[in-house]
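A.B. asks: Chains as they are written, first to last, in this note's numbering: chain A, 1 to 100; chain B, 1001 to 1300.
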Ligand SMILES: [Mg+2]
C-alpha cells in the first residue's frame, strides 16, 4: 500500500443529535493517506458547512490518531475493506488538533 | 512483485471437488438465462456489417456503371456488368472474461453473483461457438486460468473456479488491462483471418487511479480490443455504486489542492459499462452494451 493513489471505501456516520450534522448515508471512496484533518474537511464538505466544524473520528469505537493507512496496517486490513467511520464534534483543544 | 516461479507454484484457492459443486450450482441457477443470452448474442455476434456489393458478374443486383461504356464499346461482349452481394465471412472472436478476485468482492457479497456471471457468460459463448475463450482472474496479481487454446467444458469451467478465493488485497485494474493486451497479442497468432477480440470484465467496479486506467483502456482500443465492464452492484444491501462519491484533490490557479467530491461513476474509466444488481438482468444488460459497442464501432 505504498503508492499514494490508494483509496478505501468509507462510510461516515455520527451519533450527534443535531440533524444538521448528519451526512447522507452513502459510500465515499477516499485516499488512505487521509488523517483527521482531511476527513474533517470531507465531512464539512458533505455537510455543506459555511464555517468548518472540527471533528474527531472513531473506527470501531477507537479514536483515530493516525492516517487511515496506518490504521489499516495496524489492524492487518487492506484497502479492500469497507470502513465505517464515526465522527463527533472535536473535544480536543484546537492547538492540539492542528498537529494532526 | 511476482516472479515466474511464484506464478508457477501458486496453488488454487479451492479444492476441485468444491469447485465442481459450485460450478454445478451456478449452472443450475443460470440455465434458463443462458438460453436467453445465447439468443440475444447470436444476433449481435454474427456479422452485423452490411456486406459490400462486388463486381463483376454476368447477372446480379445492380449495374456496375464503370462497366457500361466498355460493354457498349466491346459490342456487348464484355458483359460482366453486374454487382452482387457477396457472402459475409464468418467473424471469429477471441473472448476473454476477466473476473475480479479481490477481497472487496466478498466484502460486498458479490461472490455468488460473480460465479454465476462467469458460468453464464462462458457457457453461453461456448455454445455459440463464437471462437476461443479465456478466463482471467485479477486482484493483486493476474492469472490466466483458462487459455484461448484450451477447449472449454464444464470440467475446465469448474477448474477455473478453483482459482477464485476473493482474498486478494488489491484490485489492480491497470495491470489487468496491460496484461490483457499482451495475452490478446499472443492470441492473435493462434488463428488467421478476421479476429475480433473482446474482453468482458466482471467486478464490483471499485478501483483507484481512473486516469491511468483510462489511458490503458485507450491503448487497448488502439489494439482493437473491445472492453466492456460489468459492474456487480451491492446485492444484499441498499447501497449502490451509483450513489458512491469519489474524493479528489484538484489544484486551483495558485496550485493549492482543492477538495472535490464527485460521483464515483463520473470518472469511471471504462466507456462501456453496465451496472447489474441481479443475475437475471445480465443477459439483457450484456446484450444492450454489446450492441452499443458494435454500433459505435461501425460508426468509426
Ligand atoms: Mg476490489
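C-beta: ideal position from N, C-alpha, C; glycine also.
Cβ of residue 45 (chain A) within 7 Å of Cβ of residue 1261 (chain B)?
C.D. replies: Contact: yes.
A.B. asks: How is residue 73 (chain A) classed by DSSP in three states: helix, strand or coil?
C.D. replies: Of the three classes helix, strand and coil, the one that applies to residue 73 (chain A) here is helix, per DSSP.
A.B. asks: Round the Cβ separation of residue 1273 (chain B) and residue 1244 (chain B) to the nearest angstrom and send it over; I've been treating them as touching at under 8 Å.
C.D. replies: Contact doesn't hold; Cβ gap of about 14 Å is too wide.
A.B. asks: Name the two residues that bound the continuous beta strand (DSSP E) containing residue 88 (chain A).
C.D. replies: Start and end: 82-89.
A.B. asks: For residue 1003 (chain B), collect the residues of the same chain with a Cβ closer than 6 Å to its Cβ; drop the 5 residues on either side in sequence, then sort them by chain order.
C.D. replies: So the list is empty, once near-sequence residues are dropped.
A.B. asks: For the alpha helix (DSSP H) that contains residue 1183 (chain B), what are its first and last residues?
C.D. replies: Note, residue 1183 (chain B): alpha helix (DSSP H), 1173-1188.
A.B. asks: Assuming residue 1103 (chain B) and residue 80 (chain A) make a contact with CB atoms under 8 Å, what is their CB distance in whole Å?
C.D. replies: Indeed they touch by this definition, with Cβ atoms about 4 Å apart.
A.B. asks: Kindly examine ligand 1 and report whether one of its heavy atoms sits closer than 6 Å to the Cβ of residue 1212 (chain B).
C.D. replies: Not so, every heavy atom of ligand 1 lies at least 6 Å from the Cβ.
A.B. asks: With DSSP as the reference, please indicate the residues paired to residue 59 (chain A) in a beta bridge.
C.D. replies: A:62, A:85.
A.B. asks: Does residue 2 (chain A) come within less than 7 Å of chain B when only Cβ atoms are used?
C.D. replies: The pLDDT assigned to residue 2 (chain A) is 44, lower than 50, so where the model puts this residue is not dependable; a value taken from the coordinates is nonetheless given after this. Not one chain B Cβ lies under 7 Å of residue 2 (chain A).
A.B. asks: Determine the contact status of residue 43 (chain A) and residue 55 (chain A), defining contact as a CB-CB distance below 7 Å.
C.D. replies: Yes; because the gap between Cβ atoms is below 7 Å, this pair is in contact.
A.B. asks: Suppose you measure from the CA of residue 1129 (chain B) to the CA of residue 1107 (chain B); what does that come to, to the nearest Å?
C.D. replies: Computed Cα separation, rounded: 35 Å.
A.B. asks: For residue 1078 (chain B), I'd like the list of residues in its chain whose CB is within less than 6 Å of its CB, leaving aside the five on either flank, ordered along the chain.
C.D. replies: Cβ within range, chain order: 1070, 1071.
A.B. asks: With a cut-off of 7 Å, does the C-beta of residue 1208 (chain B) fall near any C-beta of chain A?
C.D. replies: It does; some Cβ of chain A falls within 7 Å.
A.B. asks: What are the residues that DSSP puts in a beta bridge with residue 1137 (chain B)?
C.D. replies: Residue 1137 (chain B) pairs with B:1099, B:1143.
A.B. asks: Please determine whether the Cβ atom of residue 1206 (chain B) lies at a distance below 6 Å from any heavy atom of ligand 1.
C.D. replies: Yes - ligand 1 has a heavy atom lying nearer than 6 Å to the Cβ of residue 1206 (chain B).
A.B. asks: Quick one: grab the DSSP three-state call for residue 1083 (chain B).
C.D. replies: If DSSP states are grouped into helix, strand and coil, residue 1083 (chain B) belongs with the strands.
A.B. asks: Quick one: which chain A residues come within Cβ less than 9 Å of residue 1264 (chain B)?
C.D. replies: Per Cβ cutoff of 9 Å: 27, 28, 29.
A.B. asks: Among the residues of its own chain, which have a CB less than 8 Å from the CB of residue 91 (chain A), if the five just before and after it don't count?
C.D. replies: If we look at residue 91 (chain A) and ignore the five residues flanking it on each side, its Cβ neighbours are 56.
A.B. asks: Skipping 5 residues on each side, what residues in its chain have a beta carbon closer than 6 Å to that of residue 1285 (chain B)?
C.D. replies: Around residue 1285 (chain B): 1274, 1276.
A.B. asks: With a CB to CB cut of under 6 Å and the five nearest residues on each side skipped, what residues in its chain are close to residue 1050 (chain B)?
C.D. replies: Residue placement at residue 1050 (chain B) is flagged as unreliable, the pLDDT there being 45, under the threshold of 50; the coordinate-derived value follows with that caveat. If we look at residue 1050 (chain B) and ignore the five residues flanking it on each side, it has no Cβ neighbours.
A.B. asks: Give the interface partners of residue 1172 (chain B) over in chain A, defined as CB-CB distance under 9 Å, in chain order.
C.D. replies: By Cβ distance, chain A contributes nothing, its closest Cβ being about 10 Å from residue 1172 (chain B), past 9 Å.
A.B. asks: Quick one: is residue 86 (chain A) near chain B, going by C-beta distance under 7 Å?
C.D. replies: No, no contact with chain B.
A.B. asks: In three-state terms, what does DSSP make of residue 1206 (chain B)?
C.D. replies: Residue 1206 (chain B) falls in the coil class under three-state DSSP.
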